[in-house]
Amino acid sequence: MQHRFKRYLPQSWLRSESSLAQDFALVSGIILFVVFFLATWIAWDARQNLAHQEISQLETNAKHINQQLDGLVDSTGYILQSLARQVELFGETDHTQIARLLTSFDTRPDVYGLFAWINKSQMIKISSNMGVIEIPTVDVSDEEYQREAMTSPWKPHVGHPIGSRHDHRDLPLVIGLTDDTGLYIGTLIMSLDIDRLVQNISNSQDLSHYSFAVYSAINNELLGETSANEQLGIKSVSQLLTANTDIDIGKAAETGVSLHRDKDSGMKMLVYHRKDAPYIVAIAEKDSINIAGIIRAIAPRLLQIAIPAGFLLGVLWLIRKRLIRPVIALSEAASSLARGNQQIDIPIDGPVEITHLALQLQRIKEYILERKMIEEELRRKTIALKHAKEESELADRTKSEFLACMSHELRTPLNAIIGFSDVILKQYYGDLKNAKYEQYVTDIRNSGQHLLEIINDILDLAKVEAGAMALSQSETELKPLVEKTMRLLSERAMHADLKIDTVYPDSPLPKLLVDPLRIKQILINLLSNAIKFTPKGGHIEVKVEYRPHHPFPIAIHIKDTGIGMAPEEIPIALSKFGQVERGGGGQGSTMPLPGTGLGLPLSRELIHLHQGELTIQSEPNKGTTVTVTLPAARIISG
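Dropping the structure here:
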């Protein structure tokens, strides 16, 4: 192969000495070719990046619009559920009160729809714009949403588009009501005006480059869209669909996201549909990729290539003169030495480093034996490391199998114990005639629940240590999360005769990108510790701080007036299964604190997954303050 390749090279290139002009021309040609190739590749890459950025921006805008619609539909569902509970309190026959209730919601500026009450005869009896209808005439028994409301009562349902009091279609949101015996008593319905929602969203958007529309995910029917801006060359989505008859909204939504381009107007359209959403968002944007944009993107990178290329030509010439010639001579001497010719004269010429290299050749023989010994030692260590790796993998598999087995073998009977205890306590199959039995069953249930919590904590801690714990992050508001946690523990604090206060900053708290379930788990662990180790009549304060210019702007302080710890005992409390030999009896007691010692270390590991910190300040008999902080990277809005 080497001889065949040499036939195509000039003979002067194969001599030990070649002219500088030939070397320079060859290297220059290679450099120019590489520069041309890199310039072409950079231009293509810039074009692809610009296209990808525009598509990503389109998809981001579509998701943002879909999230806004989701939030509005979810809030409407909450309103319907609230109305349903109030109607249940009034009674379905109190039409005057129901009409007053529906009318009050219809006048709210944040509600985009018309409310109505469908009686048990499946006739519209009350509407928020007409009040009580004395003689109902509208029968909705054949409507899909009514059948769904009767089939799944007390559950909000989004139905097929229906006619409205405007010139477009609305989405019906319904919830069926039943009495205590499960008998259907009526349906609450809200006709959601999607077109108003679309216009409201569009008023808050910059529509100088794009337009969007919302379609029903049930039958692909247009529910609302923004108007086109023909002066700027912006077409509406419906205009693009009319001009491109091969685009099918429903088929495009099946894959979740798909992209289409309109050749005439130079606009591109993206269809976005989240599988569980009742709508499809189609967004169109004017194509802004052009030659000028590509040139602006690649000009700095081309300059970065051109300057080093010119510099490289000069460096190569200097390298040939100062390094290549002496190295070739030294290489020939080293080859002769390797063949056993120890009488070869080592040429001493060139920079100091090459001279030093020539002197080192004299010691090659000494290094050969040492290298063989090192290679043998490395081989033995490699075998040992391989065995250690296999043992580690076996131990890891054994640990995983044990955790999986424990999860199944312990959780399943514990859930059965807890479930059957609940059945006995609630006396589904007869009374407990002996109060002592009821106390025993309560102890069984509480012990089973406690053991299940311990197992869950062990499994969570094992997942964190194995790097298998994945955060399910979402946009979260901190104050509602804290309040929900407080409600969960309020009864326990009341039984312990403790007072819990919450303190929030005067300024609004920002939204956070966190795993709300894990943050809630951290707060429950810390509050449970505070309740457990605070004597009756004590006080617990949960204080939320927002420090905008701090590296960790979000801080949650949980301060109690409990038994406290000495500074040297804090590392013990933060260790796995660590138990401080103090508490319970007050000063001087050596009784271990109750619990498994997993709450604090698990909370610290979970907050570390959020790049946050957990710190403890405590004094014996003066209380403890646990502080949880989150970094600025977790803030997504001010």
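Number 133 in my numbering belongs to position 132 of the sequence shown; there are no gaps in the numbering. Ideal placement from N, C-alpha and C gives every residue a C-beta, glycine not left out.
Residue nearest to residue i in terms of C-alpha spacing, selected from the options
| i | options | result |
| --- | --- | --- |
| Ile571 | Tyr146, Pro621 and Lys537 | Pro621 |
| Leu331 | Gly315, Ile349 and Leu319 | Ile349 |
| Leu115 | Ser153, Met151 and Arg170 | Arg170 |
| Trp118 | Arg148, Met191 and Arg86 | Met191 |
| Leu81 | Phe37, Gly624, Trp45 and Leu178 | Leu178 |
| Val159 | Ser153, Glu226, Thr152 and Tyr146 | Tyr146 |
| Leu184 | Phe213, Ser529 and Thr152 | Thr152 |
| Ile186 | Asp95, His550 and Leu360 | Asp95 |
| Pro301 | Leu27, Ala40 and Asn221 | Ala40 |
| Ile32 | Pro309, His161 and Leu70 | Pro309 |
| Leu358 | Ala385, Thr383, Gly565 and Ile329 | Ile329 |
| Ile637 | Asp507, Glu476 and Gly624 | Glu476 |
| Ile573 | Phe553, Ser619, Val543 and Leu499 | Ser619 |
| Thr535 | Met566, Thr188, Ala556 and His551 | Met566 |
| Ile66 | Val215, Gly539 and Ala85 | Val215 |
| Ser129 | Ser105, Ser122, Gly563 and Ser529 | Ser105 |
| Lys276 | Pro554, Leu90, Met131 and Lys64 | Lys64 |
| Arg148 | Ile127, Leu189, Gly164 and Asp181 | Leu189 |
| Ala283 | Asp181, Ser212 and Leu27 | Ser212 |
| Ala497 | Gln200, Leu514, Ile541 and Ser122 | Ile541 |
| Glu454 | Val35, Leu241 and Asn526 | Asn526 |
| Ala494 | Leu460, Asn530 and Leu631 | Asn530 |
| Asp180 | Ser122, Glu89 and Asp516 | Glu89 |
| Leu102 | Leu198, Met131, Ser142 and Phe312 | Met131 |
| Asp461 | Val424, Leu599 and Val353 | Leu599 |
| Gln98 | Ile445, Arg372 and Ile127 | Ile127 |
Extent of the continuous beta strand (DSSP E) to which residue i belongs
| i | result |
| --- | --- |
| Lys227 | The sequence shown places Thr at residue 227, not Lys. That residue, Thr227, is in no beta strand (DSSP E); it is neither H nor E in DSSP. |
| Thr616 | Glu614 to Glu620 |
| Leu115 | Gly114 to Asn120 |
| Leu631 | Gly624 to Leu631 |
| Val282 | Tyr280 to Lys287 |
Range of the contiguous alpha helix (DSSP H) that encloses residue i
| i | result |
| --- | --- |
| Met270 | From DSSP, Met270 is part of no alpha helix (DSSP H) but of the beta strand (DSSP E) over Met268 to Tyr273. |
| Gln522 | Pro517 to Lys533 |
| Val199 | Ile195 to Asn204 |
| Ile571 | Ile571 to Leu575 |
| Val353 | Val353 to Gln361 |
| Glu149 | Glu145 to Thr152 |
| Asn603 | Before going on, a small fix: residue 603 reads as Leu here, not Asn. Counting along the chain, the alpha helix (DSSP H) containing Leu603 begins and ends at Gly600 to Leu610. |
Counterpart residues of residue i in DSSP-defined beta bridges
| i | result |
| --- | --- |
| Arg170 | Gly164 |
| Ser475 | Val515 |
| Ala218 | Its beta-bridge partners do not exist; DSSP assigns none. |
| Lys544 | Val504 and His558 |
| Thr179 | Tyr185 |
| Val133 | Ile127 |
| Met191 | Phe116 and Leu174 |
| His65 | Answer is none; His65 lacks a bridge partner. |
| Ile649 | Because the chain here runs from 2 to 639, residue 649 falls outside it and cannot be looked at. |
| Ile235 | Asn230 |
| Arg262 | Lys269 |
| Asp140 | Met124 |
| Ser212 | Ala285 |
| Val1 | Past the boundaries of the shown model lies residue 1; the chain is included only from 2 to 639, so the question cannot be answered. |
Whole-number beta carbon distance between residue j and residue i, since they are thought to touch under 8 Å
| i | j | result |
| --- | --- | --- |
| Val545 | Leu510 | 7 Å |
| Pro157 | Leu174 | 6 Å |
| Tyr280 | Ala229 | No, Tyr280 and Ala229 are not in contact; Cβ-Cβ is about 20 Å, not under 8 Å. |
| Glu575 | Asp458 | Before going further, note that residue 575 is Leu rather than Glu in the sequence given. Contact flag wrong, Cβ pair sits at about 14 Å. |
| Leu225 | Ile248 | The sequence shown places Gly at residue 225, rather than the Leu named in the question. The pair is not a contact, with the Cβ atoms about 19 Å apart (cut-off 8 Å). |
| Lys521 | Thr486 | 6 Å |
| Gly449 | Leu415 | 5 Å |
| Pro162 | Glu93 | Actually they are not in contact, since the Cβ atoms of Pro162 and Glu93 sit about 27 Å apart, beyond 8 Å. |
| Pro552 | Ala633 | 6 Å |
| Leu607 | Arg519 | 5 Å |
| His261 | Lys269 | 7 Å |
| Ile555 | Leu631 | 4 Å |
| Ile176 | Ala85 | 5 Å |
Test: residue i CB closer than 8 Å to a CB of chain C
| i | result |
| --- | --- |
| Asp561 | Protein chains in the displayed structure number just one, and chain C is not present. |
- prompt: If we count Cβ pairs, one from each stretch, closer than 8 Å, do we get three or more for the segment 63-81 versus the segment 124-135?
  reply: no
query: Given 8 Å as the limit, is there contact between the segment 468-477 and the segment 426-439, that is, 3 or more CB pairs closer than that?
result: no
message: Within 8 Å, do at least three Cβ pairs link the segment 611-629 to the segment 477-495?
response: no
message: Would the segment 623-630 count as touching the segment 497-505 if we require 3 or more Cβ pairs under 8 Å?
response: no
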